[in-house]
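K.L.:
Got a structure for you, written out below as structure tokens; questions coming shortly.
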Amino acid sequence: MNSNSIFRIRIVLVFVCFFSFIIIGKLYFVQIVKGNMYSEKADKQYIKPSTVLFSRGSIFFQSKDGTKNAVATLKDGYTLVMNPKILKDPNNAYQALSPYLNLNKDSFIEKASKVNDQYEELQKRLDQSTGQSINALRILGINAVKDSWRIYPADSLAAHTIGLIGYDDKNKIAGRYGLERYYENILTRQTGIASMNFFAELFSGIKNSVFKNEEKTGDIVTSIEPTVEEYLEKTLEEVQDKWSSDSIGGIIMDPNTGLIYAMSARPTFNPNDLKDIKDPKVFSNPLVEEAYEMGSIIKPLTMMVGIDSGAIKTDSTYIDKGFLELNGKKIANFDGKARGEIPMQEILSQSLNIGAATIALKIGGDTFSNYFKKFGFGQKTGIDQPNEQKGLTKNLDTKRDIEIATASYGQGISMTPMQTIRALSILANGGNLIIPHIVNKIEYTDGTSQMIENIKTPIVSKETVDEVTEMLIQVVDKALKKGQVKMENYSIAAKTGTAQIANPETKGYYDDRFLHSFFGYFPAHNPRFIIFLYHVNPKNVNFASETLTDPFIKLTKFLINYYEIPPDR
Amino acid sequence: MTQIIADNINSMFRYKEKVFVFLVLGIVITASVYIFLVQKAIVNVVEREKITKEIRKRSTSVSELETKYFSIKSSVNIELAHAKGFKDAEVVSYISKKPITAFVSYNEL
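Here it is, written out as structure tokens:
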């Protein structure tokens, strides 16, 4: 190769380097210096505004036969809009539209009079046929544009659990309550390819296949059984109507897996019709967001701790004087009466506060507190609901006898209904702490699916819970309504609770307001279901056994029939 | 560096006809594959848009049916059953399940 060729190659190399520098410089200018501006410009070209429809994943209930029912889904239709600038004759337009409109003439004319305006919304959520009929009228300045919105086909059924969507802090539609909020990242469809323009979409597939998108979206399938949910809600409504309770709630759960079949609270709302809602607090789910002192349904847990720690045995006895004085304060049985020397069974059968306190004091404050913390009190359960509360369990840390004694029968510490049923499930599932959950499967848009894992942590021995279960069966068979609700062929373990309600003004308790609670599981030797019910401030009645026994037995019989549960005795 | 490039160009000149044919063939094949893939992608995008519209249409229809289903379902209750002549069983009898151990041999043969 001669020197001339080498010279030419050098020239070419110089040009290549020069153009490389220019390109790198331009790249720096485009990407770094004016990156944001070009990014915005690209986004504007990328989206087809006229065809962007709201999209979101669905939420399903699942019947016992596996059938899925959509309880939060989408509906397509039309929104009626007006362009006052080009609308010629508002009176005639109103005349033509009046069969389809829920708008009075004055409002229509008022909107039409904004002649400098180009967009006025007349009516949302028109169905397909109405929208098409309006467009067929061909009124200049009136147009029905395609729209899509969230609907909840089951109306108020499990409204707190499902939740609802709304505008968030960034003025974007997102889940605000319930599952809609908790699973926002699964249900959202903000990057839906339906909104891209044709050419952008053409090449987006390459990006998606090369750079896998980590955040998968999809639909969620819950374990809520619609028939059971409906039955629970109807039962709660009847109880609230009968006793004029301020609020009421209930949960039906599989104690072995933590799967929830039904959960409901009242007052409730219809997510399809929110116009009459005055207080947004009604949207919060009290089953996970409100903490209460639960009262005597905590006594079986105290009994369990007593047996498991070796402090007592089921055949132990104690002397019940009817009251105890601890740290200068006096606590007493519900009736203030002494029982003398009596067996442990009577603590649960007669719901004796002094008995529970005696066990707790024998266990010792540290051990008692440690067990109660292991039961999940003072911690979130991990249920798939937003804004879950931990409850108030400071009294478990004071180490004073009075606080330990009152905690042993469910006063002085507060817990959410979900924490309560979770802790009580330990009795029903052989001594394990489970994580309650509502969603049992996520079906992703890419065709894959994920089952939600059931997690169990052993807490106490099976022998201990079996012994407490036997005691609770005795409560139903002999003590509850004097044995009238005993079921010959089914063993049922249950306990009532009547708790005083704290008065935030006096920092004491109301004399005339109580919280009634009830829990039970069956068939007691191999439980399929655990039920927890509570209501706040029922009127003209004293004890939970009077208000919640029959609803519990009604629910139990329903579940036995519906799930065809064989007898266990 | 310059000498290495020069040597490479010299060696290329020795096979220039083959290199030319190879490059032309490469361009033709690449262009054909590109056209084929783009055409496939266009068909797929159009088809997907059609399917998306169909899904939305059916989804709306399903949501309307779900609403009707829940409305009808809530009206079917025990009161309706009683009104239609349903009577609760007064005496419930259960069959006994024979223990499985009765059929199991404990003797290893």
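If you read the protein sequences in the order shown, they are chains F and Y. Just so we're aligned, residue 665 is where the first sequence starts under the numbering used here, counting upward by one. Just so we're aligned, residue 1386 is where the second sequence starts under the numbering used here, counting upward by one. Cβ coordinates follow ideal geometry from the N, Cα and C atoms, glycine included.
Note down, in chain order, every chain Y residue with its Cβ under 7 Å from the Cβ of S669 (chain F).
P.N.:
Those are A1391, listed as they occur along chain Y.
K.L.:
Check distances from the C-beta atoms of the segment 1448–1462 of chain Y to those of chain F and list, in chain order, the residues that come in under 9 Å.
P.N.:
The segment 1448–1462 of chain Y vs chain F, Cβ under 9 Å: S1448, E1449, L1450, E1451, T1452, K1453, Y1454, F1455, S1456, K1458, S1459, N1462.
K.L.:
Taking the alpha-carbon of D979 (chain F) as reference, which of F:G1046, F:L1025, F:E1005, F:L923 has the nearest alpha-carbon?
P.N.:
Cα-wise, what sits closest to D979 (chain F) is F:E1005.
K.L.:
Only counting the same chain, and skipping five residues up and downstream in sequence, which positions put a Cβ closer than 7 Å to that of P1187 (chain F)?
P.N.:
So the list reads Y1154, S1155, I1229, D1232, once near-sequence residues are dropped.
K.L.:
Could you please give me the residues that DSSP links to G991 (chain F) through a beta bridge?
P.N.:
Checking the sequence, you will find Asn at residue 991 (chain F) rather than Gly. Beta-bridge pairing links N991 (chain F) to no other residue.
K.L.:
For K788 (chain F), decide whether its Cβ has a neighbour in chain Y, counting only Cβ atoms nearer than 8 Å.
P.N.:
Judged by the 8 Å Cβ criterion, K788 (chain F) is not in contact with chain Y.
K.L.:
Pick out whichever of Y:D1473, Y:Q1388, Y:F1405 has its Cα sitting closest to the Cα of L677 (chain F).
P.N.:
When each option's Cα is compared against that of L677 (chain F), the closest is Y:Q1388.
K.L.:
When you compare the CB of R1399 (chain Y) with every CB in chain F, is at least one pair closer than 8 Å?
P.N.:
Not an interface residue.
K.L.:
Please state the DSSP three-state secondary structure of R1233 (chain F).
P.N.:
Here R1233 (chain F) sits in coil by DSSP.
K.L.:
Listing by chain order, which chain Y residues have their CB less than 9 Å from the CB of L821 (chain F)?
P.N.:
By Cβ distance, chain Y contributes F1455, S1459.
K.L.:
For S1113 (chain F), which residues in the same chain have their Cβ closer than 7 Å to its Cβ, ignoring the five residues on either side in sequence?
P.N.:
Counting only Cβ-Cβ distances below 7 Å, and skipping sequence neighbours, we find K1105, I1106, E1107.
K.L.:
For Q1009 (chain F), count the other beta carbons within 10 Å of its own beta carbon; 16 or more makes it buried, fewer makes it exposed. Which is it?
P.N.:
Its Cβ being crowded by 16 or more others within 10 Å, Q1009 (chain F) is buried.
K.L.:
Flag T1415 (chain Y) as yes if its beta-carbon sits less than 8 Å from any beta-carbon of chain F, otherwise no.
P.N.:
For T1415 (chain Y), the answer is no, since every Cβ of chain F falls outside 8 Å of its Cβ.
K.L.:
Three or more C-beta pairs closer than 8 Å, one from the segment 1067–1080 of chain F and one from the segment 841–852 of chain F: is that the case here?
P.N.:
Cβ pair count under 8 Å is below three, so no.
K.L.:
Would M967 (chain F) pass as a contact of L1012 (chain F) if the rule is Cβ separation under 8 Å?
P.N.:
Taking 8 Å as the Cβ cut-off, M967 (chain F) and L1012 (chain F) qualify as a contacting pair.
K.L.:
Hey, does Q759 (chain F) have any beta-carbon neighbour from chain Y nearer than 8 Å?
P.N.:
No, because no Cβ of chain Y sits closer than 8 Å to the Cβ of Q759 (chain F).
K.L.:
Output, in sequence order along the chain, the residues in the segment 804–817 of chain F whose CB is closer than 8 Å to any CB in chain Y.
P.N.:
So the list reads S812, I815, P817, given in the order they occur along the chain.
K.L.:
Return the chain-ordered list of same chain residues with a C-beta closer than 8 Å to the C-beta of I1085 (chain F), the five sequence neighbours on each side being excluded.
P.N.:
Hits under 8 Å: I915, M917, P1100, F1183, I1194, F1196.
K.L.:
Quick one: what does DSSP say Q1388 (chain Y) is sitting in, helix, strand or coil?
P.N.:
The answer is helix: DSSP assigns Q1388 (chain Y) an H, G or I state.
K.L.:
Along chain F, which residues have their Cβ under 7 Å away from the Cβ of R1443 (chain Y)?
P.N.:
The premise fails here: R1443 (chain Y) is roughly 10 Å from chain F at the closest Cβ pair, so nothing lies under 7 Å.
K.L.:
Report the residue ranges of all beta strand (DSSP E) runs contained in full by the segment 764–788 of chain F; include only those spanning at least 3 residues, in chain order.
P.N.:
Listed in chain order, there is nothing to give.
K.L.:
Out of F:G1095, F:E989, F:L990, which has the shortest C-alpha to C-alpha gap to K1038 (chain F)?
P.N.:
Measuring from the Cα of K1038 (chain F), the nearest candidate turns out to be F:G1095.
K.L.:
Could you tell me if L804 (chain F) is buried or exposed, where buried requires 16 or more neighbouring beta carbons within 10 angstroms of its beta carbon?
P.N.:
When all chains shown are included, L804 (chain F) counts as exposed.
K.L.:
Using CA coordinates, which residue listed in F:I884, F:I1023, F:D1048, F:P1050 is at the minimum distance from I1066 (chain F)?
P.N.:
For the residues F:I884, F:I1023, F:D1048, F:P1050, the minimum Cα distance to I1066 (chain F) belongs to F:I1023.
K.L.:
Tell me which residue opens and which closes the beta strand (DSSP E) that H1467 (chain Y) is part of.
P.N.:
First-last for H1467 (chain Y): 1463–1468, but that is the alpha helix (DSSP H), not the beta strand (DSSP E).
K.L.:
Here's the rule: buried if 16 or more other CB atoms are within 10 angstroms of the residue's CB, otherwise exposed. What is R930 (chain F)?
P.N.:
Per the 10 Å Cβ criterion, buried.
K.L.:
If distances are taken between C-alpha atoms only, which option among F:L801, F:Y1185, F:N949 comes closest to A1135 (chain F)?
P.N.:
For clarity, residue 1135 (chain F) is Met in the given sequence; the question names Ala instead. It is F:Y1185 whose Cα lies nearest to the Cα of M1135 (chain F).
K.L.:
Look at the alpha carbon of E879 (chain F) and the alpha carbon of T1109 (chain F), and state the distance between them as a whole number of angstroms.
P.N.:
Each residue's Cα considered, the two are about 11 Å apart.
K.L.:
Any idea what DSSP makes of F933 (chain F), helix, strand or coil?
P.N.:
Coil.
K.L.:
With 16 other CB atoms within 10 Å as the buried threshold, where does D972 (chain F) fall?
P.N.:
Classification of D972 (chain F): buried, given that the 10 Å Cβ count is 16 or more.
K.L.:
Which ranges does the beta strand (DSSP E) cover as unbroken runs of at least 3 residues, wholly within the segment 1078–1128 of chain F, from first to last along the chain?
P.N.:
Those beta strand (DSSP E) runs which fall completely within the segment 1078–1128 of chain F and span 3+ residues are 1096–1098, 1103–1108, 1113–1115, 1120–1122.
K.L.:
Please specify which runs of the alpha helix (DSSP H), each continuous and at least 4 residues long, are wholly inside the segment 1003–1046 of chain F, giving them in chain order.
P.N.:
Qualifying alpha helix (DSSP H) stretches, in chain order: 1009–1013, 1017–1027, 1029–1038.
K.L.:
Quick check on the DSSP output: the beta strand (DSSP E) that includes D1176 (chain F) runs from which residue to which?
P.N.:
Looking at the DSSP string, the run of the beta strand (DSSP E) that includes D1176 (chain F) is 1172–1186.
K.L.:
Taking C-alpha atoms, which residue in F:Q782, F:K778, F:M746, F:S777 lies nearest to L765 (chain F)?
P.N.:
Here the closest residue by C-alpha is F:M746.
K.L.:
Taking the alpha-carbon positions, what's the L990 (chain F) to G1019 (chain F) distance?
P.N.:
L990 (chain F) and G1019 (chain F): Cα-Cα distance of roughly 14 Å.
K.L.:
Considering only DSSP beta bridges, list what L1450 (chain Y) is partnered with.
P.N.:
Answer by DSSP bridge pairing: none, since L1450 (chain Y) is not bridged.
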